[in-house]
Amino acid sequence: MSDLGTALVFWPATVIMLVTGLYVFITSSMARAGLLLLAALGVEGLIFVALASEFLGFLQLLMMSGEMVIMVFFMVMFMPDPGGLMGMDMTHDKRRSAAVAGAVAVALAVVAVLTDWPARAVGDDAPDVRAIGFEVMGRSMITFLFAAMTILFAMVGGVLLAKAGGRFGIGAPGGRGSRLARRRLMVSLPVVLAAGALLFAIGLCGALGQTNTIMVIMGVELMLGASMLNVVGFLRYSHPDATSGAFFVLVVMTLMAVEATVGFALVISAFRHSRTAEVDDLTELKG
Amino acid sequence: MVLTPARSALVPALVVPDEQTWTVFGADPAAFGARPSFDPGTIRRLLAPAQVPAELAAALRAYRTALADDVPVAYGDVAFGGEVTLSTLLEPSTHGEHGHGHGEHDHGEHGHGGHHDMMAIVGEPSADGLVMEPIHLSYGPIGTPLPGGLVADVTLDGDVVAESTVRALLRVERPASPPDLLSPVAWTVAMAGHGVAAAATSPWLRVAAVEIERAVSHLAWLRSLGRLVDSQPLIDKCTRMLTSLQVSRRVLLDDDIGDAWLHAAIGQADFDECRERLDGLVAWVRRSWALRWRLGGRSVVTPSRARELALRGPAARASGVADDARVADPLYRALDFNPVVHSGGDAVARARVRAEEALASVGLAVDALAMAYVGGDARRADARAPAVFESPRGPITARRSSGTWELAAPGADATRRAAADAMIGSEWSAALVGLASFDLSPWRVGW
Amino acid sequence: MSAVGLLFVLIALLLGALLAAYALALWRRELRVDRAGEQPSWPRYHVRFYTFALLFIAFDMEMAYMYPWAAVIRDLGFFAYAEIGFFLTVLGLGIAYGWREGALEWS
Amino acid sequence: MSGWTLVGVPAVALVGAALVAMLEQLVAGFRPAPSGLARTALATLRQPLRRPETYDNWLFHIAPGLLLTAAVVALATVPWAPGFRGIDFQAGVILFGGALAYVTPAVFMAGWGSGSPLAVVGGFRWLALMLAYAMPVAMVVTAVAAPAGSLRPTDIVEIQHAVPMGLVQPLALALWLPAVVAVCFLPPFDLPQAPSELGGGAFAAYRGLDAALVWLAQRVLLVAVSGMTAALFLSGWHGPVLPPALWMALKTATVAVLILWAGRRLPRMEIDRTLALAWKVANPLAILAIVIAGGLTLGFYR
């Protein structure tokens, strides 16, 4: 795709992605929150396409729809007042989480400014689906087979937890930021990384500041989405032949799915046990 | 949804109170160019009797607001014991109307607001240990494939029925008229057969009339079941059968033809032809794997449970209980009558019992007409005893003492309870199939 | 080229801003509706098929690997076939486990 | 993607939807009436833009647009003829699946947004149906793509120049057809509306232009899935004598008629049994179909 085409899609899409990602944690309606998260991650798929990673983009569109729609109904199940009619405050530690997210955003910006990113590699588009296929079936075979096992464990664990009882655990990987682009409106690596950093900060703020477990999971999904966006940016602008990077995106998607499966199963299990899905209430239960 | 033009098609209509009542009463909505539709967005016509039963007035007024403004109204030349005329009913009311368009009549007080505390969890404990909030809704009283006037107040836990109450709204105000408009002939005959005003017509003709009504009723029910599960072949087959049965049936109901033998001669040939075609329909119902898949194993009532509930009529016969008032009737004994019994106890069994009974009924009618023709004699033994008749929905009794009628449909309440009971724990589609499979009558009896 | 590009981007952003403004206007106006005392039916819905959903999220991810596989099996031959055989066996085990544990039943 | 796409795809969508509407009448046993259809279309357009107030207007009024967008994008990935193929990406079949995946949130938004009990039930029931059809659709696509060694729809059509894939992989076709009917929420899978059970369900509250959009989207979806079925299984535009585009149109129409006819014959499915059937039968069979496809690829397509 031409630079112009990329810019045409990238700018509006990024704005929509960030706005919808932010609104996930602002709206009081759980159905809206879930669907906004789908919008954010689906639009991210469009950005992937604009950044020449067609396969990853379409896959993102496909996977996120299924996953986020399920997210919606788990939210409707486990959130009090899923319609948002009462306008309840669903946050805790508001200041601290905003501060942490702000600090992360600033830190990433500093890193971005100080880092000297590699110049754009000569070459064309990001790896196509066949290149990824060779990577998956060849060099990264072991990882691929582990991914299979991970999915199996997620299925088994999900069924097991949803039927019996369990506890909690949340992890979050990192993202990257950057400095200003030379040509303002043309998309470049720093711009993509900046968008990723913002998305990451939004996700972090949500994960830290929300009271309900499922909202926390949504925050984590956004952070994982940000990491994927960064990788796709690198694929487009600095390492077009890095099929292992594309493969990494697949692994992150798997991670998102696995995290969602196990997370939801934990929520079901905890809810059955204590009739709440609020993080604070569940923490009290531990002691 | 919007663009459904069809020059020769039947117009989708809101049929008040319902298609089955119209058909059993002798006027099939198809003859008025209408077929019932249950999605307010698709309805292009309103087919209603000249007089609307008062109990339906509010529901009809509410439903009217969900329809497009320009839906024309067609009046049928029948009256179902109502007192509200349609024209006054449909005039725009000034109070208490909300112009939103959802199809069912969920009443505001059922919403989940009001009693909603921050972390309060309202609802019944569920089998899987997850306690959620229920949805309350009312299915009916009009605009559903069930008989109009029937309301199922349901509490849904997710899409599974947690609680259900089945109510009948309708009543016929004048005790002289048949108290159940879903089997008017049976009630009339039951009242006449008590001997107070013994009709001049031959008892064989009355048997034929009741049997044809049974066939029409069962087929109309089968068609409404077809509407519920959206089985077009079943709807089409039943409609074709009903059209020809209705034409033949006129002969029996027509008062102008006084001579029994003339009735018999005209009717017999027609019904004989109907029987042959009905044979094909019954074979189809037996054969259809799609119908078996949809109805099989739904709302099972075991024989012991049927006895415990004191079920009567076709619902009992589908559970292996050979309960049929006709067995004791000398007229039917003369016709070598054997009740149709199935042991499955599920919705399939109930559908089969009714389909096969419809076939048997047409056969009985043909035989009864033959008896009338040769003048076979049969007289009721004791005119004092309450006349027990097997109506299409089970036994009915009529006794006149000191100027007032004592009318009853033993087993009607048991069927209603069984139907409500059968819905519990089923997914919504399955619950509705279960509810429909009992063929409840919304016309209240016994005053 | 850059002038035209700039124009396009500006138009796109303008349209995006308009759309966002429209959406936000709808949003603010319609968020909490309380018409004549009626309430929407938005309970904590008891979804009966959540075990299917859990299996689905995990199982769905398989597609991320199946698509690239489909594109290269002609070139990689039996090796890729064996790999996917292992992969599908593992996933089949997942379904079989769910089946055995009664996750494939409407609760 | 080109200017041709921007004009051609909407044209195919509109003409296809009109044809589907007439096929519907034909299947229902009535004489198709194009003039009546045109009259009703005009009447709908002339209707005032009546937007009924619902509880979540935002979700409620975005849903028809999202539905139509998903349908049109899915349609754009269908290869119609060598020179006319909408969007021809190397991962086109994934875009097809990805576009169809957005039918799911759209229908749910309609049901949740209107907020009446039966509409909400319809929305959730639809999510359950998605869990049933999504895996067979996605897996069967790989089974068809493997012999072609490509996810580009045109490549998959080209590989069928000798034998249609439907003959080579009948199992895949048998799994695919009911799944795509479910995607279009057409009978016997019209579970989110289910007029007789939910009184119109998720779409009961739509009127005027919104309702027309939903109607149009559902027909465009049918055209898209029929076209993709023709392309993936019935060798697309390949065929003797007639021009390629005509072959494709004929095959698409045949599939559409088959779907409409089956929908008229079969009673509506129940969601609990459909879901169990999908996971206990369809998904294991889809795995089997992929294994078979791999074997066929190694044996005959290298």
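Protein chains in written order, with my numbering: chain E, 1 to 287; chain R, 1 to 447; chain Z, 1 to 107; chain G, 1 to 302.
For glycine and all other residues, C-beta sits at the position ideal for the given N, C-alpha and C.
If we cut at 8 Å on Cβ distances, does residue i have a partner in chain Z?
| i | result |
| --- | --- |
| Ile292 (chain G) | no |
| Leu130 (chain R) | yes |
| Gly158 (chain R) | yes |
| Pro145 (chain R) | no |
| Phe134 (chain E) | yes |
| Tyr55 (chain G) | yes |
| Gly21 (chain E) | no |
| Arg236 (chain E) | no |
According to DSSP, which residues form a beta bridge with residue i?
| i | result |
| --- | --- |
| Pro49 (chain R) | R:Gly76 |
| Thr155 (chain R) | R:His136, R:Glu163 |
| Ala387 (chain R) | R:Ala398 |
| Ala278 (chain E) | Note that residue 278 (chain E) is Glu in the sequence shown, not Ala. Answer by DSSP bridge pairing, in chain order: E:Asn212. |
| Val84 (chain R) | R:Val52 |
| Leu14 (chain R) | R:Leu46 |
| Pro36 (chain R) | R:Ala13 |
| Phe84 (chain G) | G:Ala81 |
Less than 8 Å separating the beta-carbons of residue i and residue j?
| i | j | result |
| --- | --- | --- |
| Ala106 (chain G) | Ala134 (chain G) | no |
| Leu369 (chain R) | Trp187 (chain R) | no |
| Val232 (chain E) | Glu259 (chain E) | no |
| Gly85 (chain Z) | Val291 (chain G) | yes |
| Leu275 (chain G) | Phe49 (chain Z) | yes |
| Met75 (chain E) | Met17 (chain E) | no |
| Phe25 (chain R) | Pro184 (chain R) | yes |
| Pro79 (chain G) | Gly236 (chain G) | yes |
| Pro187 (chain G) | Arg264 (chain G) | yes |
| Arg10 (chain R) | Ala48 (chain R) | The question names Arg, but residue 10 (chain R) is Leu in the sequence shown. Not in contact: Leu10 (chain R) and Ala48 (chain R) (Cβ atoms no closer than 8 Å). |
| Leu46 (chain R) | Val71 (chain R) | yes |
| Leu151 (chain G) | Ala70 (chain Z) | yes |
| Pro179 (chain R) | Leu14 (chain R) | no |
Who are the neighbours of residue i on chain Z, taking C-beta pairs under 8 Å?
| i | result |
| --- | --- |
| Ala159 (chain E) | Checking the sequence, you will find Val at residue 159 (chain E) rather than Ala. What Val159 (chain E) touches in chain Z: Thr51, Leu54, Leu55, Tyr97, Gly98, Glu101, Ala103. |
| Thr142 (chain G) | Met63, Met66, Tyr67, Trp69, Ala70 |
| Pro284 (chain G) | Gly92, Ile95 |
Under 7 Å Cβ-Cβ, which residues of chain G neighbour residue i?
| i | result |
| --- | --- |
| Glu427 (chain R) | Glu270, Ile271, Asp272 |
| Glu54 (chain E) | Phe89, Gln90, Ala91 |
Residues of chain R with a CB under 9 Å from the CB of residue i: which are they?
| i | result |
| --- | --- |
| Leu153 (chain G) | It should be noted that the sequence gives Pro, not Leu, for residue 153 (chain G). What Pro153 (chain G) touches in chain R: nothing, since even the nearest Cβ is about 30 Å away. |
Are the C-beta of residue i and some C-beta of chain G separated by less than 8 Å?
| i | result |
| --- | --- |
| Ala58 (chain Z) | no |
| Gly94 (chain Z) | no |
| Pro40 (chain R) | yes |
| Ser65 (chain E) | yes |
| Asp128 (chain E) | yes |
Mind pulling the chain Z residues with CB within less than 9 Å of residue i?
| i | result |
| --- | --- |
| Leu250 (chain E) | Met61, Ala64, Tyr65, Pro68 |
I'd like to know whether the C-beta of residue i is nearer than 8 Å to at least one C-beta of chain R.
| i | result |
| --- | --- |
| Val90 (chain Z) | no |
| Arg74 (chain Z) | no |
| Arg275 (chain E) | yes |
| Leu186 (chain G) | no |
| Ala204 (chain G) | yes |
| Met75 (chain E) | no |
Anything in chain G within Cβ reach of residue i, meaning under 9 Å, just list it in chain order.
| i | result |
| --- | --- |
| Val72 (chain E) | Pro105, Phe108, Trp112, Leu127 |
Which residues in chain R sit within 7 Å of residue i, going by Cβ to Cβ distance?
| i | result |
| --- | --- |
| Phe271 (chain E) | Leu130 |
Cβ closer than 7 Å: which chain E residues qualify as neighbours of residue i?
| i | result |
| --- | --- |
| Tyr133 (chain G) | What Tyr133 (chain G) touches in chain E: nothing, since even the nearest Cβ is about 11 Å away. |
| Phe78 (chain Z) | Here the premise fails: no neighbours, minimum Cβ distance about 11 Å. |
Quick one: list the residues of chain E neighbouring residue i, beta-carbon separation under 9 Å, in chain order.
| i | result |
| --- | --- |
| Ala71 (chain G) | By Cβ distance, chain E contributes nothing, its closest Cβ being about 14 Å from Ala71 (chain G), past 9 Å. |
Find the residues of chain R that neighbour residue i, judging by a C-beta separation of less than 8 Å, and give them in chain order.
| i | result |
| --- | --- |
| Ile268 (chain E) | Leu130 |
Are the C-beta of residue i and some C-beta of chain E separated by less than 8 Å?
| i | result |
| --- | --- |
| Val47 (chain Z) | yes |
| Phe124 (chain G) | yes |
Scan the stretch 117-182 of chain G and note each continuous alpha helix (DSSP H) run of 4 residues or more that stays entirely inside, going in chain order. List check, alpha helix (DSSP H) in window: 117-148, 153-158, 165-168.
Let me know the alpha helix (DSSP H) ranges lying completely inside the stretch 314-383 of chain R, each 4 residues or longer, listed in chain order. 330-334, 347-374
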